[in-house]
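Chains as they are written, first to last, in our numbering: chain L, 1 to 631; chain B, 1 to 579; chain A, 1 to 164.
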């Protein structure tokens, strides 16, 4: 049990010895091998690598010389499974079981990193760079992710070694509730989950608005539902104690003794680690009664989401914790007045909380020094789609999209052209190339028709059809609409149907106009934030890619050659050697041989009957001579 | 008071008002669809949106509270266009067979569509499925007309504390159904019909039995007798343009006669009879150590609820049949015998403010003459429909009186239609019976009057403290019974009515749009009609009813006699339907 | 309205019932316990047929309709048993832009079932899921606990063959 600062510091000091190899890159004669146990790397087999590694190390008799540590996400998911060896910081990408014996023998035993398996960017002739010097990491600034990929998330002592629970101690013993509010206000921290409401203000309202509340609650939104966003999951998996500490601080600030974390059931690793962290914090007395011997008591409960995107909306999340259909409630009353179980409630998302202990320890000014005028601090983005370095990136607010996509993200694969970046998930919009250089912050994103959202950033290239993307998001919204209010229940359905008509070449320009009007109507009339922002993907694509819509409507063509009904497959006869593979693959017998023999070819070329073609693309996949084109 | 501006004009409204209420005070009507005061303030339909200066989007007036200095705009082009689009979207998923819809002319959606000049086909697309559930005896649900306002859900779950219907699935597929789409008849639905009167459109309706009535009247072999319940006269006029709270007793009788019934009688007669039986049953239970508290049994919705949800209270139920059933039983025994008519040829019709009566007439142990006591039960709404169809100009009818001998009722009988009325009628007779008539014998027991959901009173009757309680609306009944179960309250006599406010607000009454229900208390207005009839009546004690006296003298003997028991009493069974 | 009773007969055991009752008892004083109870019930039975929902409704003294309304709101809850092999194709944005929609359709075509359904032999069930967070491997799918990444349509038959 840790009941005093002396006890906390004692744990910190002894744990610091354990982590100094990887934190300070100190050569203590012992090596730390860190393997990512986040969902991405776990999916590509990191668990087996850990087992194999331990076996090999045992075989080589290196148990006392090598520690194997499973960590949270390193961020560079595209190169997973990731394995780092300290003190050198050697970065093994795409680690696999068959490479382990060699790495153990050569590197761990003989001290020579196995260059051929290292992440190519870290190898420059004879010099080997540490992962922190790679382009992917060098431009990042890790606050929320500072412990992810560094500590063992299942060991509370390692968190304590990284100043864990010092902020809670500071708050409980030397700050008033108002002091905390003032620090949060001055830090400029805004909610990382969507609309960017100032966190300090939120806490202040929950503290002040209802006098004599017999009960208040602190909630955490860990129901990360944006498709393609996984930053909250990474924090939960990699640094769960940061969340626990921050929620306790929030509890103290508003006068709540109970917190709930609402986490997606689809995140089993995160759920397990968070539960373990809560158990450890309780064992150590860092959750429970009279924390640090003060009269502040705080408990945390886990509630699992059950697959409803709308539960990311704050009132819906609370309705769900209450055991109901997760339907949003009208606001006001706001949660600060009437939230969970009708009591004053503060709700923040995981990333927001993850910043809190650092702000308390380093001061408001430290945080306010990062970012732009109105958006302070850093932001984590889950970068995905058509980009080389898929993964998690934390950068100061105000970093440009170009930096994130080209410098950190390594650009677009296969030399394709950048077309758009989608931020803010189904509530956000698509950002075209002309805005690649604007500094990313809350207000700029809204000004260009998108939003920060939780931080999903999906890159699209020339092969993506923007109408199809808009339709994809609308399909998602229709699926995930709770069905309570008319604009969202019926309006988004009608929007989807109109988009479907457009992608099938059956729409008119009047439909386009009707679609746009319906978008603005839904923005103005829907009950909750999800509904109000549902038209954003359509509005932003209409704004920046209207010519693509018009091509679908007027020319009945899909410029990116995605929308099947508008596709024409044809054979360039001069490229066709007449092998007949395409005709064999065709499920519709739409391909037949012609009389034409192309110059230099021996057999007559084939052609496609557009009336029989079902546009499956099998012929194109089967042609080795690039003789089949679509468009 | 809070200072606000509505459409540029300074106004005041009480603190805590919603924009809807504040605008109403200022003479601005804002349309609503999903909003039902107290039970359904969910801001879902979005028809009530208005602009508020400084707000990011339009706000729902029904749930948005006013605050000092707020500037509200209720009819800007954006507001009007938004409401129109909302209606058009609703129509895109609505079965627009308005011409043949039972609610045509009394449909809240139709009214608004007319006001906003909608384009009914602006949005076309997939529609949710359209199965019709007609399994229950009293009503059908046609979800192709449902607009998902959830007023029925609130009526069922909140007003009645039952919740056998609810929103299922999500998004566009959201539908109001029973669990697992099971048939309503297989659930513990009590047939109260509160969902029907809550429905703004034609998705829910009573089963129309008017054709059966017309067929019976047209059949020369049949002797068709009609009774009309007390509460019907307090609501029927609303279908013919009279304001809520108009007494149309005389015209109702005249209309029934013109429809061709052989005899037009009054349920008031059997209400008095019920008191004779029930008051004596109560006295008997008190004197002989019977099961107490005794609970009234007039309301078939309540009876069904008790059998399903509180079977432990079945011994507490009075064994008296309801006035509807007593009336039928007397018609087919006493009246048939007296007039030499074969009971098999009598068609006993009732006009009721109630949908559960359609269910009640098919219950077991409700056939005193070996044939059903009551054959057809129609609601107030169906009677209005019959009158209109027959071309009877209701407003021009003379006031007429019911036929004899089953057409006489006292003031004690007519107040049966309001919550507390049965209790008051019983108290009048009980006090008289036990203490004897003297100067100052109380007639009015005002403590048991009023629309509150649960009322309690204690009276000294012949030296004994008698504790009574009254509940109306089944959620209130549930709360009261839980208290009794937990031993937190003790009563001798409890009156329970299934519908809030009693029969005046029954599920079979004329449907008033939410716009009326949200701003006037139709329960109180209709109850006033009954109390004024009572006050004007020279007979105010059930046992003073001369026709009832004659019935006992000529036929039944004493109240609670063996014969009375055979004809006027019934039994109950615990039910295990899906709750 | 067709009564939605599960086609597969309910085969709950007394042991499962005891487990469920214990779960309900555990959450007796827990506010808003319906969701955790349903999640546990689905762990015990694999799905939530009317028999299970009725036990929960009675045990927690809430209307069956309320339980059913919650169950049908959340994608995680299932009224039907899942297959021996549960195929779950990620249709999150990152996977979608890399063609997971086609992969899903291929499974649907080969197995002859739609999302949320189960093959008549009970072997495979097919679901679309939202981002499982393995975007680095997009497009991805899971079969029970196994994760498959970097897929093309051609991999579909190969994956199915592994479970035949």
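In this text, a Cβ means the ideal position worked out from N, Cα and C, and glycines have one as well.
Using the Cβ count rule (16 or more neighbours within 10 Å means buried), how would you classify residue i?
i                      : result
residue 27 of chain B  : exposed
residue 249 of chain B : buried
residue 220 of chain B : exposed
residue 11 of chain A  : exposed
residue 127 of chain B : exposed
residue 426 of chain L : buried
residue 383 of chain B : buried
residue 602 of chain L : exposed
residue 587 of chain L : exposed
residue 307 of chain L : buried
Contact criterion: CB-CB distance below 8 Å. Does residue i meet it with respect to chain B?
i                      : result
residue 497 of chain L : yes
residue 100 of chain L : no
residue 481 of chain L : yes
residue 524 of chain L : yes
residue 319 of chain L : no
In chain L, what lies closer than 8 Å to residue i by C-beta?
i                     : result
residue 53 of chain A : Correct list: empty, because the minimum Cβ distance to chain L is about 14 Å.
residue 70 of chain A : 323, 324, 325
Taking 8 Å as the CB-CB cut-off, is residue i touching chain L?
i                      : result
residue 86 of chain A  : no
residue 308 of chain B : no
residue 168 of chain A : Lying before the first or after the last residue shown, residue 168 of chain A is absent from chain A, which here runs from 1 to 164.
residue 1 of chain A   : Residue placement at residue 1 of chain A is poorly supported in this model, since its pLDDT is 46, which falls under 50; the coordinates are not used for a value here.
residue 161 of chain A : no
residue 92 of chain B  : yes
residue 63 of chain B  : yes
residue 104 of chain A : no
Going along chain B in order, which residues have a C-beta closer than 9 Å to the C-beta of residue i?
i                      : result
residue 478 of chain L : 171, 172
Along chain L, which residues have their Cβ under 7 Å away from the Cβ of residue i?
i                     : result
residue 48 of chain B : What residue 48 of chain B touches in chain L: nothing, since even the nearest Cβ is about 11 Å away.
Residue i CB to nearest chain A CB: under 8 Å?
i                      : result
residue 77 of chain L  : yes
residue 191 of chain B : no
residue 168 of chain B : yes
residue 578 of chain B : yes
residue 134 of chain B : no
So with CB distances below 7 Å, who are the chain A contacts of residue i?
i                      : result
residue 205 of chain B : Per Cβ cutoff of 7 Å: no residues; residue 205 of chain B is ~16 Å from chain A at best.
residue 460 of chain L : 97
Along chain L, which residues have their Cβ under 9 Å away from the Cβ of residue i?
i                     : result
residue 58 of chain B : 524, 525
Going along chain A in order, which residues have a C-beta closer than 9 Å to the C-beta of residue i?
i                      : result
residue 341 of chain L : 31, 32
Taking one C-beta from the segment 342–361 of chain L and one from the segment 210–229 of chain L each time, how about it: are there three or more such pairs within less than 8 Å?
-> Yes: the two stretches touch, three or more of their Cβ pairs being nearer than 8 Å.
When the Cβ atoms of the segment 15–27 of chain B are set against those of the segment 466–475 of chain L, are three or more pairs found closer than 8 Å?
-> They do not touch, by the three-pair rule.
Residue ranges of each beta strand (DSSP E) run of no fewer than 3 residues wholly in the segment 269–352 of chain L, ordered along the chain?
-> 299–305, 345–349
Runs of alpha helix (DSSP H) wholly within the segment 354–410 of chain B (minimum 4 residues, chain order) = 356–360, 380–389
Please specify which runs of the alpha helix (DSSP H), each continuous and at least 4 residues long, are wholly inside the segment 469–528 of chain L, giving them in chain order.
-> 492–503, 509–525
Where in the segment 203–266 of chain L do unbroken runs of the beta strand (DSSP E), each at least 3 residues long, occur, reported from the N-terminal end onward?
-> Those beta strand (DSSP E) runs which fall completely within the segment 203–266 of chain L and span 3+ residues are 217–222, 258–264.
Is there contact here, the segment 355–375 of chain L with the segment 60–67 of chain A, by at least three beta-carbon pairs under 8 Å?
-> no
Just list the alpha helix (DSSP H) runs in the segment 46–124 of chain L, keeping only unbroken ones of 4 residues or longer that don't cross its boundaries, in chain order.
-> 46–59, 100–103
Whole runs of the alpha helix (DSSP H) within the segment 62–138 of chain A, excluding any shorter than 4 residues | Runs found: 64–73, 93–96, 100–111.
With a floor of 4 residues, list each alpha helix (DSSP H) that falls wholly inside the segment 463–510 of chain B, ordered by position along the chain.
-> 474–485
Contact between the segment 501–517 of chain L and the segment 396–415 of chain L (3+ Cβ pairs under 8 Å) | no
Using 8 Å as the threshold, is the segment 189–203 of chain B in touch with the segment 502–512 of chain B, meaning 3 or more CB pairs across them?
-> yes
Quick one: complete alpha helix (DSSP H) runs, 4+ long, within the segment 261–298 of chain B?
-> 267–287
What are the uninterrupted segments assigned as alpha helix (DSSP H) that are 4 or more residues long and contained completely in the segment 116–176 of chain B, given in chain order?
-> 151–154
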